[in-house]
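*Asks:*
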Amino acid sequence: MNVLRVASLQYFIRPVERFEQFADQVESLVWTAKDYHAKLLVFPEYFTAQLLTLNNIKMPIKEQIRHLARYEQRIVDLMKRLAKDSGLYIVGGTLPAVDPPDEVTVYNECYLYGPNGNWDVQGKLHMTRFEKEEWIISPHKKLKVFDTAIGKLAITICYDVEFPELARAAARAGANLLIVPSCTDERQGFLRVRYCAQARAIENQMYVIHSCTVGSLPMVPAVSLNYGQASILTPSDFAFSRDGILAEGPVNQESMVIGDLDMDRIEETKQHGSVLPLTDSMSTAEVSANLEIVSI
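According to my numbering, the sequence shown is numbered sequentially starting from 184.
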């Protein structure tokens, strides 16, 4: 049986006074996942935001996020080392990043680190209103499917999971895992991401790993609150967990959610499931092209 153990974080955002405190928190979580024999560890979107407390928290919001982008290389170096030392694949949440020599345009980027030292980046494709209007963050334009030793996976960052075409394209390219790092400040925002993540698991017959931020930085307006519950989601069929939830954490508490994914079962379900939504979706484009508006 081809089983993949994965770990998804409810990452607790707390103030730090030195970069090393942030690094210690990250490193302890990596080694905890290693102790639980996970092969893949997922950090959430903007988990790096706790580093905002190292800077002038009174500066304008759009300047704060650009200042945070200066830590990109230190964070990348930290994660690369931890992935190699631990032997884990690490989805490194997201961090604000620039593309020198342009130091003004900021992107929201998720790094995937391999234990072999390789890494690549999935940028966020759709910005929330806050990201566009307050932080002035720019979108990327390309969806990637990562072909790894643990299988093919794709990453849809928070709001991106609300656009079903992305996960469908990844599933058709062979992805059996969809990673959803998110950062939401209240329950409604969290549920938009969670419900859409569950839908992507069902309609594409794939596993979805959702990682969230919890905790708060009350002195930093941009991340003063967090609401989250990490989960590992499955298709809704007899071969999988009741309610399509393999595992989930306690709401708004620091935690690590762990589950074993049967990768052979997901392939079998695509051929012999109670319904075959991924296969049957091949006719959707034709049906949509024949849309008819009828007045009654």
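We put the beta carbon where it would ideally sit given N, CA and C, even for glycine.
Small disclaimer: the values here were computed from a predicted structure and weren't measured.
#1: Once you ignore the five residues that flank Gly-456 on each side, which residues in its own chain have a CB closer than 6 Å to its CB?
#2: Secondary structure at Ser-464, three-state DSSP: helix, strand or coil?
#3: Using the Cα positions of Leu-459 and Cys-395, report the straight-line distance between them to the nearest angstrom.
#4: Leaving aside the five residues before and after Phe-205 along the sequence, list all residues of the same chain whose C-beta is less than 8 Å from its C-beta, in chain order.
#5: Would Leu-361 and Met-389 be called neighbours here (beta carbons separated by less than 8 Å)?
#6: Can you give me the C-alpha to C-alpha distance between Glu-469 and Glu-475, rounded to a whole angstrom?
#7: Go through its chain and collect everything with a Cβ distance to Gly-442's Cβ below 7 Å, but skip five positions before and after it.
#8: Across which residues does DSSP place Ser-321 in a beta bridge pair?
#9: Can at least three beta-carbon pairs, one atom from the region 293-300 and one from the region 260-275, be found at a separation below 8 Å?
#10: How should Val-332 be labelled, buried or exposed, when 16 other C-beta atoms within 10 angstroms of its C-beta is the threshold for buried?
#11: Tell me the DSSP secondary structure of Tyr-194 in three-state form.
#12: Per DSSP, what kind of secondary structure is Phe-346 in: helix, strand or coil?
#13: Would you mind sorting Asn-301 into buried or exposed? The rule is 16 or more other CB atoms within 10 Å of its CB.
#14: Pairing CB atoms from the region 238-247 with CB atoms from the region 373-392, are three or more of them under 8 Å?
#15: Tell me, to the nearest whole angstrom, how far the beta carbon of Glu-437 is from that of Val-397; I am working on the premise that it is less than 8 Å.
#16: Which runs of the beta strand (DSSP E) at least 3 residues long sit entirely within the region 349-419? Give them in chain order.
#17: Give the DSSP-derived three-state secondary structure of Ala-221 in the structure shown.
#18: Kindly indicate which three-state DSSP category Arg-201 falls into: helix, strand or coil?
*Replies:* Looking at the coordinates:
#1: Asp-420
#2: helix
#3: 30 Å
#4: Val-199, Thr-231, Gln-233 and Leu-234
#5: yes
#6: Rounded to whole angstroms, Glu-469 to Glu-475 spans 12 Å at the Cα level.
#7: Cβ neighbours of Gly-442 within its own chain (closer than 7 Å, five residues either side excluded): Val-189, Ile-415, Leu-429 and Ala-430.
#8: Tyr-290
#9: yes
#10: The residue asked about is misnamed: residue 332 is Ala in this sequence, not Val. Flag for Ala-332 reads exposed.
#11: strand
#12: Phe-346: coil per DSSP, three-state reduction.
#13: exposed
#14: no
#15: 6 Å
#16: 360-364, 390-398 and 414-416
#17: The answer is coil: DSSP assigns Ala-221 none of H, G, I, E or B.
#18: Arg-201 falls in the coil class under three-state DSSP.
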